[in-house]
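What follows is one structure encoded as structure tokens, with my remarks underneath.
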Amino acid sequence: MLTIFGIPSAVLFGQLLVGLINGAFYAVLSLGLALIFGLLNIVNFAHGALYMLGAFVAWILLHFFGIGYWGAIFLAPAIAAIFGMALERLILSRLYSLDPLYGLLATFGLALLIEGVFRQFFGVSGQPYPAPLQLTGGMDLGFMYLPLYRAWVVAISLVVCLAAWLLIDRTKLGAYLRAATENAELVQAFGVNVPALITLTYGLGVALAAFAGVVAAPVYSVNPLMGSNLIIVVFAVVVIGGMGSILGSVITGFALGVVEGLTKVFYPQASTTVIFVIMVVVLMVKPHGLFGRGQ
Amino acid sequence: MSNAVPLLEVEELHTYYGESHVLQGMSFSIDRGEVVTLTGRNGAGKTTTLKSLMGIVAKRQGSIRFNGRELIRKRSNHIARLGLGYCPEERGIFSSLTVLENLTLPPIVQPPGVSLAKLYEIFPHLHARLGSQGTKLSGGEQQLLAIARILRTGARTLLLDEPTEGLAPVIVQQIGALIGRLKEEGYTVLMVEQNLAFAATVADRHYIVERGVVVDSVRQEDIALQMGRLQKYLGV
Amino acid sequence: MEKNKLSSYFLIGLAGVVVLIGPAVLSPYFLMKLYCFMLFACAFNLLLGYSGLLSFGHAAYFGMASYTTGHVMKNWGLTPELGILVGVMCAALMGMVFGWIAIRRHGIYFSMITLALAQMVYFFCLQAPFTHGEEGIQAVPRGRLLGLIDLSATMPMYYFVAAVTGISLWLIWRIVHSPFGRVLESIKENEPRAISLGYRTNRYKLLAFVLSATLAGVAGSLKVLSIQLASLTDVYWHASGEVVLMSLLGGMNTVFGPALGAAILVSMQTYLAQTGSWITIIQGAIFLACVLMFRKGIIGEIIAISKRISAAK
């Protein structure tokens with residue numbers, strides 16, 4: 001077998017793949033967080049719970065309505081988005097005139113609430129969710145074995161991130177979003193319904209989180225705690241990339257996933273904390289994140 | 001000159017920023033087709049007046065009637081859609097948008113609006129810079145862009161806040177000529193302007209604002225006679 | 001001034017009564033735990049309510065002091081006052097380092113840094129051998145206070161915890177009502193103005209951070225001796241979130257409001273422990289209710305109401 005730096009290639013590339021997959025989730029989740037933070041100025045603590053919600057909706061769709069993966073991948077984000085927009089209208093919109101602290105606390109409370117409800121009904125053990133038939137199995141690449149579903153995870157995440165970036169950078173709606181992030185008051189004075197734009201943006205961010213949840217379901221199984229530890233890492237990713245920078249979040253997400261994966265190979269004890277260490281270092285050197293604009 | 005009902009009628013407008021009582025009973029009116037200035041010292045409440053008309057400031061009391069409609073309870077996006085175009089003091093050109101995106105951002109509020117072709121004719125230098133980042137333009141170019149984008153919407157009543165502030169005399173002249181042309185085409189302009197010399201070249205009437213109320217008004221015909229009084233108000 | 005002195009004496013008297021009568025009504029074991037969390041919450045609030053800094057990782061200081069004291073008590077056989085000293089010094093040191101890092105940023109970034117640093121502590125505790133991972137450090141001996149008083153009996157330990165908590169709360173009161181405390185409040189209200197007045201605001205914020213972390217450490221050390229257990233829940237980010245909720249619920253603009261919030265939350269946790277995840281759901285709901293409607297917290301609202309009543313007279 002081929003070895004690189006004394007590590008068997010299968011192990012190295014296997015771990016690299018795991019890193020890419022984690023990175024894919026970091027990217028999609030931090031994209032949603034950055035979107036929400038850019039326009040609403042709220043750190044959406046509920047993001048992890050909404051990711052979990054997406055996975056559970058997929059599971060419920062399968063077990064109660066017989067709707068499989070391909071249906072769930074569209075329906076779950078849609079359902080979650082509606083739920084998220086309701087949350088924004090009923091709760092978050094009342095907090096915009098206050099210190100941003102309260103937005104963080106409100107979403108923290110929401111996270112507890114959502115997580116608690118699901119823990120109450122489903123316990124803490126995971127429910128399995130099968131990958132769709134079309135994506136089972138894998139290919140032998142010689143230096144490693146590539147499971148088909150895992151390759152799909154990375155590919156579809158890249159596609160979604162690209163689509164989101166195109167939406168924001170190339171469309172009229174994206175122009176409204178970018179302008180409103182800079183000066184919401186003026187955009188509204190031009191005749192744009194900015195409160196509706198804000199609601200829509202939160203819905204979009206939630207949809208991205210839920211989408212990540214559906215994609216994650218066959219990989220990590222579906223359990224109420226799946227978002228809980230992930231959210232803190234995603235926060236670190238967003239801070240490193242630069243809050244409000246869409247491109248920054250995506251690149252940083254994938255990169256950090258790979259870094260984490262490599263750390264696991266060469267220095268396993270540090271793998272859980274390496275991202276936080278990087279965050280601290282970046283914040284000391286580049287306070288607005290690697291891609292952030294000064295505020 | 002004046003029609004039966006003024007286009008814009010402000011009566012006893014009170015505006016608050018938190019605890020601060022900034023406008024303390026503003027009253028004035030503007031007829032269709034007029035160019036009117038709000039002048040006065042810094043902090044008198046001129047910018048707040050424009051913001052109150054546009055509904056940007058939340059806490060307002062009194063009456064603002066535009067085309068017979070009461071605006072005092074309306075949100076700013078509704079007010080814009082009634083045909084009012086707003087150009088803020090800081091111009092508000094978005095740095096994360098190109099010049100073209102900036103130009104086409106405000107939606108058409110009175111169809112069909114002004115076509116891009118016509119705008120490029122009036123503002124040729126903008127046509128050359130469409131792909132540039134909005135804030136890469138010079139101050140004067142940004143000001144013209146800010147005016148161009150509200151013209152595009154089809155708004156016929158323009159609220160301009162200090163359009164010539166900090167600009168070179170050449171650009172100031174251009175803006176003056178532009179406003180003159182707009183007046184000929186029947187636009188109504190309410191302008192905050194501390195540059196009296198410039199205001200005198202374009203406006204029909206001037207309102208003097210002091211401590212949140214209109215304290216005086218001068219017609220353009222009388223301005224030579226009243227210049228001393230005006231300069232006293234401005235603390236010159 | 002007289003009215004204030006009167007209400008101070010009344011409060012101290014009331015506290016004294018509660019401490020003395022309490023064990024007859026409720027379990028002294030439960031009360032000890034309560035006092036520890038009351039102290040933790042008030043220490044935390046030095047930063048949130050009085051300095052305007054939301055530290056979202058305060059469990060790190062509480063938990064590490066807990067683990068450190070637990071470890072030295074079990075393995076080095078120290079007397080409790082020394083054991084607590086070691087734990088508190090550890091918390092103070094962490095406060096200095098983490099505070100120095102976090103204070104370089106403001107607002108939401110400050111909070112995110114504290115959260116990430118605390119998560120690092122959590123993962124460290126998860127993996128370090130001395131913490132025994134999921135099991136935690138169990139059966140921590142309480143030792144003999146000053147080599148004389150045996151604290152393994154419940155009542156001596158109870159009075160010890162009550163005394164240390166009381167002294168620490170008094171210390172917090174003194175800090176808030178000192179010139180230092182007033183500078184902190186002015187920084188919270190308008191930092192640029194404080195800077196323009198010549199205050200080195202970063203130094204004040206760092207000192208507040210260290211004091212807050214140190215006193216949180218006192219609470220953690222007391223806790224591990226009281227319930228004789230140090231576990232991962234003490235350093236998990238949920239615990240950091242809970243102390244924020246305690247402050248918010250009780251009233252973050254008051255010195256002892258957080259203590260009330262702690263009392264309510266710890267009581268709820270103890271008496272609802274058997275109901276599965278309802279405690280999490282209720283906590284989330286209380287968070288939302290406080291943020292939307294009761295931002296002043298319980299004590300804050302009471303003070304506001306009494307002000308309205310006396311103004312109406």
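Chains as they are written, first to last, in the working numbering: chain A, 1 to 295; chain B, 1 to 236; chain C, 1 to 313.
A virtual CB, placed ideally from N, CA and C, is assigned to each residue, including glycine.
Taking each of B:Ser132, B:Lys183, B:His14 and B:Leu38 in turn and checking the Cα distance to aspartate 216 (chain B), the smallest one comes out for B:Leu38.
In the DSSP assignment, arginine 149 (chain B) falls within the alpha helix (DSSP H) that extends over 139-152.
Within the same chain, no residue comes within 7 Å of arginine 181 (chain B) by CB-CB distance, once the 5 residues on both sides are set aside. Proximity to serine 226 (chain C) across C:Cys36, C:Ser168 and C:Gly16 peaks at C:Cys36, based on C-alpha coordinates. In this structure, B:Ala58 is the residue among B:Arg149, B:Leu230, B:Asn102 and B:Ala58 with its C-alpha nearest to the C-alpha of glutamate 19 (chain B). Annotation for serine 196 (chain C): the continuous alpha helix (DSSP H) segment containing it runs 191-196.
Short of 7 Å from the beta carbon of glutamate 260 (chain A), and not among the five residues preceding or following it, lie these beta carbons of its own chain, in chain order: Gly19, Asn22, Ser271, Val274 and Ile275.
Under the three-state reduction of DSSP output, alanine 106 (chain A) falls in the helix class.
The beta carbon of leucine 48 (chain C) sits closer than 8 Å to those of Leu54, Ser55, Val244, Ser247 and Met252, all from its chain and outside the five residues before and after it, given in chain order.
DSSP places isoleucine 72 (chain B) in the coil class of the three-state scheme, outside both helix and strand. The residue from B:Gly134, B:Leu225, B:Met227 and B:Glu210 with its alpha-carbon nearest to that of threonine 47 (chain B) is B:Glu210. Bounds of the beta strand (DSSP E) holding serine 63 (chain B) are 59-66. Using a CB distance cut-off of 9 Å, proline 163 (chain B) does not count as an interface residue toward chain A. In terms of beta-carbon proximity, phenylalanine 254 (chain A) stays away from the interface with chain C, with every pair separated by 9 Å or more. Within the same chain, Cβ atoms closer than 6 Å to the Cβ of glycine 292 (chain A) are found at Gly242 and Ser245, the five residues on either side in sequence being excluded. Residues of the region 66-82 of chain B with a Cβ closer than 7 Å to any Cβ of chain A, in chain order: Ser76, Asn77, Ala80 and Arg81. When only Cα atoms are considered, alanine 86 (chain A) and isoleucine 286 (chain C) end up about 19 Å apart.
The beta carbon of valine 72 (chain C) sits no closer than 9 Å to any beta carbon of chain A. For proline 147 (chain A), the closest of A:Ile198, A:Arg170, A:Val117 and A:Leu17 by C-alpha to C-alpha distance is A:Leu17. Residues of the region 264-276 of chain A that bring their beta carbon within less than 8 Å of a beta carbon in chain C comprise Gln269, Thr272, Thr273 and Phe276, in sequence order.
Assignment of beta-bridge partners to alanine 217 (chain A) by DSSP yields no partner.
Residue contact with chain C for tyrosine 102 (chain A): present (Cβ-Cβ distance below 9 Å to some residue of chain C).
Within chain B, no C-beta atom comes nearer than 9 Å to that of glycine 138 (chain A); the closest sits roughly 42 Å away. Between glycine 83 (chain B) and valine 5 (chain B), the gap from beta carbon to beta carbon reaches 9 Å or more. In summary, no residue of the region 183-210 of chain A has a CB separated from any CB of chain C by less than 8 Å. The beta carbon of tyrosine 16 (chain B) does not come within 9 Å of any beta carbon belonging to chain A, so the residue lies off that interface.
It is roughly 47 Å from the alpha-carbon of glutamate 89 (chain B) to the alpha-carbon of glutamate 115 (chain A).
When DSSP assignments are scanned along the region 9-58 of chain B, the uninterrupted stretches of beta strand (DSSP E) that are 3 or more residues long and fall wholly within it turn out to be 20-30 and 35-39.
Annotation: Cβ neighbours of alanine 175 (chain A) in chain B (cutoff 7 Å, chain order): Leu97, Glu101 and Leu105. For aspartate 169 (chain A), there is no enclosing beta strand (DSSP E); the residue is part of the alpha helix (DSSP H) that begins and ends at 148-170. Taking a cut-off of 8 Å on C-beta distances, the region 253-270 of chain C does not touch the region 95-102 of chain C, as fewer than three cross pairs fall below it. In this chain, the alpha helix (DSSP H) harbouring glutamate 301 (chain C) covers 297-312. Measuring C-alpha to C-alpha distances from tryptophan 173 (chain C) to each of C:Val224, C:Ser212 and C:Ala230 identifies C:Ser212 as the nearest. Boundaries of the beta strand (DSSP E) harbouring isoleucine 208 (chain B): 205-210, taken from the DSSP string. Contact note: methionine 54 (chain B) reaches chain A through Ala189, using a C-beta cutoff of 8 Å and chain order. The alpha-carbon of isoleucine 42 (chain A) is positioned some 12 Å away from that of phenylalanine 235 (chain A).
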